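Engineer: Before I ask anything, let me first share the structure, which is written out below as C-alpha cells.
Residue numbers (this note's numbering), protein chains in the order written: chain A, 170 to 283; chain B, 5 to 116.
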C-alpha cells in the first residue's frame, strides 16, 4: 500500500461544469502524477508535479489544470468538463528505490461527463 | 517521441499454456522498462522491472528481458494460471521527472 487515496471515487457531472479531483499521499514523496486511462490508449500523462507549486504538462494536458499547495495533495481541475473527458483518472507517486524510482498508483476516479 | 507498442489487445491461453506478451519501444534515451498489472476496479500495480539493457525482471513466474538490440521487453511465463488473468501494461521511463509512457495494454484471460 503506497498510501495514496483519491476522491471522489466516482463522479457524474454535466458538460460545462467545473470538476476537481483530489489525490492525497501520506508519505511526503516529491513527485506526483495524474494520468487518464481510456480503452485502446493505456494510461496517458496529463500533468505532473515535482514539488510544492512546481508542476508541468504531460502528453494530454489540454483542458486540465493542476495545483499543489501542500506536499501531500495534488489536485486536478477540469475547468469546463466535456464528454471527451469521460475517463478513469489515476494519481501516482514516484518512490525512490535503491535500483531506481518506481511509480505507485492510487485506486482511480471514474468520471462521467453527460 | 517516445512510444511503447503492445501488439496484442487480448490473449486467451488455456491454463498450463506458455505465454509471451509482446512489448516493443522507441526512444532516443536509455529508459528503464516496466510491466504493470491491473485487476478490475483497481489501479495498476508494478509487476516487474528492468533498469538497464540485459537486465531480466522476474515476479511470480513471469520474466521479461530488456533487449536493447531489438528494443523489446516481452513478458513471458512457462505455465499460466487462471489467477494470472488481468490487464498487463508495458511502460518505459526516462528523464529527471520520472514520467512513464505506457503501451495500450494486453488483456490476459486464462481459460480453465
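No residue lacks a Cβ here, since even glycine has one placed at the ideal position from N, Cα and C. These numbers come from a predicted model, not from an experiment.
(1) Which first and last residues belong to the beta strand (DSSP E) in which residue 63 of chain B is found?
(2) Residues of chain A with CB under 8 Å from residue 102 of chain B, in chain order?
(3) When you compare only the Cα positions, how much space is there between residue 209 of chain A and residue 92 of chain B?
(4) Under a three-way DSSP split, which group does residue 21 of chain B fall into?
(5) Give the single residue among A:219, A:220 and A:203 whose Cα lies nearest to the Cα of residue 212 of chain A.
(6) Can you tell which of B:28, B:49 and B:97 has the C-alpha that lies nearest to the C-alpha of residue 275 of chain A?
(7) What distance in whole Å lies between the Cβ atoms of residue 6 of chain B and residue 30 of chain B, which are believed to be in contact at a cut-off of 8 Å?
(8) Residue 86 of chain B touches chain A at which residues, Cβ-Cβ below 8 Å?
(9) Between residue 210 of chain A and chain B, is any beta-carbon pair separated by less than 9 Å?
(10) Under a three-way DSSP split, which group does residue 248 of chain A fall into?
(11) Using the rule of at least 16 other Cβ atoms within 10 Å of the residue's Cβ for burial, across every protein chain shown, is residue 57 of chain B buried or exposed?
(12) Looking at the unbroken beta strand (DSSP E) that takes in residue 260 of chain A, where does it start and where does it end?
(13) Report the partner residues of residue 220 of chain A according to the DSSP bridge assignment.
(14) Checking contacts by CB at 9 Å: is residue 30 of chain B closer than that to chain A?
(15) Among all the DSSP beta bridges, which residues are the ones paired with residue 51 of chain B?
(16) Using CA coordinates, which residue listed in A:215, A:247, A:218 and A:177 is at the minimum distance from residue 184 of chain A?
(17) Excluding the 5 residues flanking residue 189 of chain A on each side, which residues of the same chain have their C-beta closer than 6 Å to its C-beta?
(18) Starting from residue 220 of chain A, find everything on chain B with Cβ-Cβ shorter than 7 Å and list it in chain order.
(19) When Cβ atoms are compared, which residues of the segment 30 to 48 of chain B fall closer than 9 Å to chain A?
(20) Residue 83 of chain B by DSSP, collapsed to three states: which one?
(21) Helix, strand or coil for residue 231 of chain A per DSSP?
Structural biologist: Straight from the coordinates:
(1) As a first step, residue 63 of chain B is located in the second chain; it is residue number 59 there, counting from the start. That run of the beta strand (DSSP E) goes 60 to 63.
(2) By one-based count along the second chain, residue 102 of chain B stands at place 98. Residues of chain A passing the Cβ test: 200, 263, 270 and 272.
(3) Counting from one through the first chain, the residue named residue 209 of chain A turns up at place 40. Counting from one through the second chain, the residue named residue 92 of chain B turns up at place 88. Roughly 13 Å separates the two Cα atoms.
(4) Here residue 21 of chain B refers to the residue found at position 17 of the second chain. Correct three-state label for residue 21 of chain B: coil.
(5) Within the first chain, residue 212 of chain A is the residue found at index 43, counting from 1. When each option's Cα is compared against that of residue 212 of chain A, the closest is A:203.
(6) The residue given as residue 275 of chain A occupies position 106 in the first chain. When each option's Cα is compared against that of residue 275 of chain A, the closest is B:49.
(7) For the purposes of this step, residue 30 of chain B is identified with residue 26 of the second chain, where counting begins at 1. For the purposes of this step, residue 6 of chain B is identified with residue 2 of the second chain, where counting begins at 1. Rounded, the Cβ-Cβ distance is 6 Å, consistent with contact.
(8) Position 82 of the second chain, counted from the first residue, corresponds to residue 86 of chain B. Those do not exist, as residue 86 of chain B stays about 23 Å from chain A at its closest Cβ, beyond 8 Å.
(9) As a first step, residue 210 of chain A must be located in the first chain, where it is residue number 41. So, interface residue.
(10) Locating residue 248 of chain A in the first chain gives position 79, where the first residue counts as 1. Looking at residue 248 of chain A - three-state DSSP - the assignment turns out to be coil, as it is neither helix nor strand.
(11) Along the second chain, one-based indexing puts residue 57 of chain B at 53. By the neighbour-count rule (16 or more Cβ atoms within 10 Å), residue 57 of chain B is not buried but exposed.
(12) Numbered from 1 along the first chain, position 91 holds the residue referred to as residue 260 of chain A. Element bounds for residue 260 of chain A: 256 to 264.
(13) Position 51 of the first chain, counted from the start, is the residue given in the question as residue 220 of chain A. A:223, per the DSSP bridge assignment.
(14) Along the second chain, one-based indexing puts residue 30 of chain B at 26. False, the Cβ-Cβ gap to chain A never drops below 9 Å.
(15) Translated into positions along the second chain, residue 51 of chain B becomes position 47. None; residue 51 of chain B has no bridge partner.
(16) One-based indexing of the first chain puts residue 184 of chain A at position 15. When each option's Cα is compared against that of residue 184 of chain A, the closest is A:247.
(17) Translated into positions along the first chain, residue 189 of chain A becomes position 20. The answer, listed in chain order, is 244 and 246.
(18) Here the question's residue 220 of chain A lines up with position 51 in the first chain. Chain B residues near residue 220 of chain A: none, gap ~11 Å exceeds 7 Å.
(19) 36, 38, 40, 42, 45, 46, 47 and 48
(20) Locating residue 83 of chain B in the second chain gives position 79, where the first residue counts as 1. Note: residue 83 of chain B maps to coil in three-state DSSP.
(21) Sequence index remark: in the first chain, residue 231 of chain A carries index 62 (1-based). Reduced to three states, the DSSP call for residue 231 of chain A is coil.
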